[in-house]
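Let me begin by presenting the structure, written as structure tokens, before commenting on it.
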Amino acid sequence: MVLLGDVEFYMHLLFFLREKYIALYERIKLYLLNRLTPVCILDI
Numbered sequence: 318m319v320l321l322g323d324v325e326f327y328m329h330l331l332f333f334l335r336e337k338y339i340a341l342y343e344r345i346k347l348y349l350l351n352r353l354t355p356v357c358i359l360d361i
């Protein structure tokens with residue numbers, strides 16, 4: 318049996334992890350865009 322407190326704890330944990338992954342994803346996306354932009358310009 319899962320207590321209500323545990324459910325709240327896991328919900329907070331999931332939300333926290335989701336925020337961290339979104340921030341990491343955005344950072345990687347920006348990094349890749351900055352790396353690939355000169356290549357795209359050269360290809361045109």
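Just add 317 to the spot in the sequence shown (first one is 1) and you have this note's numbering. Just so you know, even glycine gets a beta-carbon here, dropped at the ideal spot from N, CA and C.
Using DSSP with H/G/I as helix, E/B as strand and the rest coil, what is residue i?
{"i": "leucine 320", "result": "coil"}
Got a sec: is the Cβ-Cβ distance from residue i to anything in chain C below 9 Å?
{"i": "phenylalanine 332", "result": "Protein chains in the displayed structure number just one, and chain C is not present."}
Given residue i, which residues of its chain have a CB within under 6 Å of its CB, disregarding the five upstream and five downstream residues?
{"i": "histidine 329", "result": "none"}
{"i": "phenylalanine 332", "result": "none"}
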